[in-house]
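Q:
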Amino acid sequence: MHFKKFTLTITTISLLLLLFIASCNIFNMDNTKKCMPTYQYQFEIPLNDETLQKIFFDAIYYKRKNVSVNFSKYQGFIVRKPFKYAADKVKKQNKYSDILIKKVTYLTKQTNKYLTVDFNFEFNEDELKFYNKAPLKDDLELYDEFCKNINNEKYTFFIKTTDNLYKSMVTEFILKTAVNNNLLWQEPKFHSIEQLYKDILVIDIIFDKDTKNLKERHDELYKYANNIINSDSFKKLKNQREQIKYIHNIVMDSMEYDKDLQAKINNYNMTFQDHIQNSAYGGFFIGKTACTGYAQAIKILCDLAKIKCTTVSGSLNGESHIWNKVQIDGEDYYLDATISDNDELPPYNDFLFTELNYREQLYKIGRKSYKPF
Numbered sequence: 072m073h074f075k076k077f078t079l080t081i082t083t084i085s086l087l088l089l090l091f092i093a094s095c096n097i098f099n100m101d102n103t104k105k106c107m108p109t110y111q112y113q114f115e116i117p118l119n120d121e122t123l124q125k126i127f128f129d130a131i132y133y134k135r136k137n138v139s140v141n142f143s144k145y146q147g148f149i150v151r152k153p154f155k156y157a158a159d160k161v162k163k164q165n166k167y168s169d170i171l172i173k174k175v176t177y178l179t180k181q182t183n184k185y186l187t188v189d190f191n192f193e194f195n196e197d198e199l200k201f202y203n204k205a206p207l208k209d210d211l212e213l214y215d216e217f218c219k220n221i222n223n224e225k226y227t228f229f230i231k232t233t234d235n236l237y238k239s240m241v242t243e244f245i246l247k248t249a250v251n252n253n254l255l256w257q258e259p260k261f262h263s264i265e266q267l268y269k270d271i272l273v274i275d276i277i278f279d280k281d282t283k284n285l286k287e288r289h290d291e292l293y294k295y296a297n298n299i300i301n302s303d304s305f306k307k308l309k310n311q312r313e314q315i316k317y318i319h320n321i322v323m324d325s326m327e328y329d330k331d332l333q334a335k336i337n338n339y340n341m342t343f344q345d346h347i348q349n350s351a352y353g354g355f356f357i358g359k360t361a362c363t364g365y366a367q368a369i370k371i372l373c374d375l376a377k378i379k380c381t382t383v384s385g386s387l388n389g390e391s392h393i394w395n396k397v398q399i400d401g402e403d404y405y406l407d408a409t410i411s412d413n414d415e416l417p418p419y420n421d422f423l424f425t426e427l428n429y430r431e432q433l434y435k436i437g438r439k440s441y442k443p444f
């Protein structure tokens with residue numbers, strides 16, 4: 072009797088399991104949806120580009136693989152273009168979601184009142200690794216993360232921080248410093264930080280043209296700079312002060328300040344060629360540049376000479392400007408090759424100046440300036 076009950080129980084469980092698998096296969100409809108718990112939006116949602124993008128972002132942030140949505144007010148949207156076409160276009164138009172979502176499939180059902188869509192997301196797990204990282208704690212970690220990605224030729228990337236930390240820092244300024252210190256071979260057309268969600272930041276560095284030629288300019292610039300630092304003339308120098316003076320002078324001798332380029336920068340009217348010119352590469356190989364090119368040229372040569380150096384963004388006499396900060400024997404100094412090359416040396420007659428001189432000359436570092444040393 073007990074054996075019969077046991078057999079019946081096993082049979083019942085097996086039948087239920089088969090029914091469950093069958094129902095999954097029917098529901099999947101050519102594998103467009105896995106039989107997994109589905110997140111259901113509680114209210115009907117109007118169907119447009121903005122709501123679709125929100126669904127994609129929600130799926131990314133909360134790692135929702137399956138989502139079900141009842142769309143209202145959809146008829147005009149669907150008449151103009153099929154849902155899959157429309158949704159795929161929205162995904163591709165926002166490259167953040169397109170990078171993080173590897174594939175998305177849709178199961179649609181139309182009624183008089185709703186368009187019900189079941190989304191099945193397949194995420195790009197390599198890109199989503201930032202979720203597993205500890206949040207960045209301070210501006211130094213943030214700066215290092217920017218530099219690491221730039222040096223790895225990754226110009227759109229995601230980082231994890233805290234909402235309070237993000238709001239308390241001038242992250243745009245830190246990014247600008249990282250860009251000036253690392254992208255010495257071409258200035259980007261645009262760079263920005265967006266808050267994707269409260270603790271996820273999206274960093275986007277956009278160039279005026281395809282990035283395929285960036286490596287060529289990078290290699291050419293570093294070969295040129297290495298030849299300067301490895302030259303017999305440089306090796307004979309006795310101390311870092313002499314080395315920095317040599318670097319300062321060779322930068323001045325190699326390039327000329329381009330007032331027309333500066334006017335284009337001020338008016339936000341730069342061409343692709345202007346973005347190349349406004350860099351260390353432009354200064355050395357085109358021979359005419361603006362303050363960014365001078366500061367970046369100082370930076371790359373100091374880096375190769377093992378002299379601590381950074382670019383400093385801010386203003387001089389109320390106008391936007393970039394110059395350098397260096398460290399010699401533990402002491403901090405500023406230098407401005409752009410001003411030196413325009414025969415406008417400060418009254419203390421030295422290419423290096425201290426914090427006191429710095430204030431006297433009306434230099435002003437951008438708010439909460441990042442200082443790497």
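The numbers in the working numbering rise by one with no breaks, and the one at position 137 of the sequence shown is 208.
Just so it is clear, CB atoms sit at the ideal spot from N, CA and C, and this is done for glycine as well.
Nothing here was measured: the structure is a model prediction, and the numbers come from that model.
Under a Cβ-count criterion, where at least 16 other Cβ atoms within 10 Å of its own Cβ denotes burial, should N54 be classed as buried or exposed?
A: Any question about residue 54 goes unanswered here, given that the chain covers just 72 to 444.
Q: My guess is that L199 and L171 are in contact by the Cβ rule of under 8 Å, so how many angstroms apart are they, rounded?
A: Their Cβ separation, rounded to whole angstroms, is 6 Å, which keeps L199 and L171 in contact under 8 Å.
Q: Tell me the residue span of the beta strand (DSSP E) that contains N137.
A: 137-143 is the extent of the beta strand (DSSP E) around N137.
Q: Are K260 and D279 touching if we call contact CB-CB under 8 Å?
A: For K260 and D279, yes; Cβs fall inside 8 Å.
Q: Let me know the secondary structure DSSP gives I378 once reduced to three states.
A: Three-state DSSP puts I378 in coil, outside helix and strand.
Q: For F194 versus K173, is the C-beta distance shorter than 8 Å?
A: Contact: yes.
Q: Look up N183 in the DSSP assignment and say whether it is helix, strand or coil.
A: N183: coil per DSSP, three-state reduction.
Q: Please name the residue in I245, Q344, F356, N388 whose C-alpha comes closest to that of E327.
A: Ranking the options by Cα distance to E327, first place goes to F356.
Q: Applying the criterion that 16 or more other CB atoms from any shown protein chain within 10 Å of the CB defines a buried residue, is N191 buried or exposed?
A: The residue in question, N191, is buried, as its Cβ has 16 or more Cβ neighbours within 10 Å.
Q: Mapping DSSP to helix, strand and coil, what is G385?
A: Three-state result, G385: strand.
Q: Which first and last residues belong to the beta strand (DSSP E) in which Y214 is found?
A: Looking at the DSSP string, Y214 is not in any beta strand (DSSP E); the run it does join, the alpha helix (DSSP H), is 210-222.
Q: At what residues does the alpha helix (DSSP H) containing F154 begin and finish?
A: Segment 154-164, the alpha helix (DSSP H) holding F154.
Q: Can you find the residues in the same chain that come closer than 7 Å, C-beta to C-beta, to K316, ignoring five residues on each side of it along the sequence?
A: Excluding residues within five positions, the ones whose Cβ falls inside 7 Å are F422.
Q: Once DSSP output is grouped into helix, strand and coil, what is the label at F278?
A: Here F278 sits in coil by DSSP.
Q: Just to confirm the assignment, what range does the alpha helix (DSSP H) spanning D290 have?
A: Here the alpha helix (DSSP H) through D290 covers 285-300.
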